[in-house]
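Undergrad: This is the structure, below, for whatever I ask next.
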Amino acid sequence: MSQATWTISELAREFSVTPRTIRFYEDQGIVSPTRSGRNRIYAPRDRTRLKLALRGRRLGLQLSEIVTLINLYDHSSASSTAQLQHYIDVLDAHRQKLEQQQRDLDETLEELRRQQADCTALLRRRNAAQAPAKADLHPITE
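Quick note: the sequence shown uses my numbering, first residue -5, plus one each step.
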């Protein structure tokens, strides 16, 4: 195998993913290996596209967003300025969505804390109110 091509095992090792993950991206049309018998042979273009797809997944982008970004990268006739602006727009929208989710989680956690504190206080009051009654029902004899 020349250095300009990789097997599925080599790419899987390099990117710390399973061959099944790479086959998934093949099914999605992100990578298009050639075949040598039963073996998949990946070219530099495939390796780059896989790297971009995995980066997009780490960022939490949707598969459709990843495909759009990768396809923009592939079109060499497109302006690199337009590509960068589109990427900035996608990242900005994704960041805003994550920030909103973080605000929602913070609100939910605060509500959980309030509910837990209210329940704990109520339980303490009930236990305190029942303590003398328990002592009356079960006197300690000496």
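Think of the CB as a built atom: it goes at the ideal place given N, C-alpha and C, for glycine as much as any other residue.
When the distance is taken between beta carbons, is Gln77 closer than 8 angstroms to Leu66?
TA: Yes, these two residues count as a Cβ contact at 8 angstroms.
Undergrad: Runs of 3 residues minimum, wholly inside the region 30 to 104: which ones carry the beta strand (DSSP E) assignment?
TA: Complete beta strand (DSSP E) runs here, min 3: 33 to 35.
Undergrad: Using the three-state DSSP reduction, which class does Met(-5) fall into: helix, strand or coil?
TA: Because the pLDDT of Met(-5) is 46, which lies under 50, any placement of that residue in the model is unreliable, and the number read from its coordinates should be weighed accordingly. Three-state result, Met(-5): coil.
Undergrad: Note down, in chain order, each residue of its chain lying with its Cβ closer than 6 angstroms to the Cβ of Glu136, except the 5 sequence neighbours on either side.
TA: Bear in mind that a pLDDT of 49 at Glu136, under 50, signals an unreliable position, so the number given afterwards is only what the model happens to contain. Nothing listed; no residue qualifies.
Undergrad: Please report the residue range of the alpha helix (DSSP H) in which Thr15 lies.
TA: Thr15 -> alpha helix (DSSP H) spans Pro13 to Asp21.
Undergrad: Are the Cβ atoms of Gln22 and Val84 separated by less than 8 angstroms?
TA: Result no, Cβ atoms of Gln22 and Val84 do not sit closer than 8 angstroms.
Undergrad: Hey, quick one: how far does the alpha helix (DSSP H) through Ser3 stretch, first residue to last?
TA: Start and end: Ile2 to Phe9.
Undergrad: Apart from the five residues just before and just after Met(-5), which ones in its own chain have a Cβ nearer than 7 angstroms to its Cβ?
TA: In this predicted model, Met(-5) has a pLDDT of only 46, less than 50, meaning its place in the structure is not dependable; the value taken from the coordinates is given anyway. If we look at Met(-5) and ignore the five residues flanking it on each side, its Cβ neighbours are Thr1.
Undergrad: What does the Cβ neighbour count give for Ala47, buried or exposed, with the cut at 16 atoms within 10 Å?
TA: So Ala47 ends up on the buried side.
Undergrad: Assign Arg43 to buried or exposed, taking buried as 16 or more other Cβ atoms, counted over all protein chains shown, within 10 Å of its Cβ.
TA: Buried, because 16 or more other Cβ atoms sit within 10 Å of the Cβ of Arg43.
Undergrad: Less than 8 angstroms between the CB atoms is what I'm expecting for Leu53 and His88, so what's the real figure, rounded?
TA: Yes, Leu53 and His88 are in contact; Cβ-Cβ is about 7 angstroms, under 8 angstroms.
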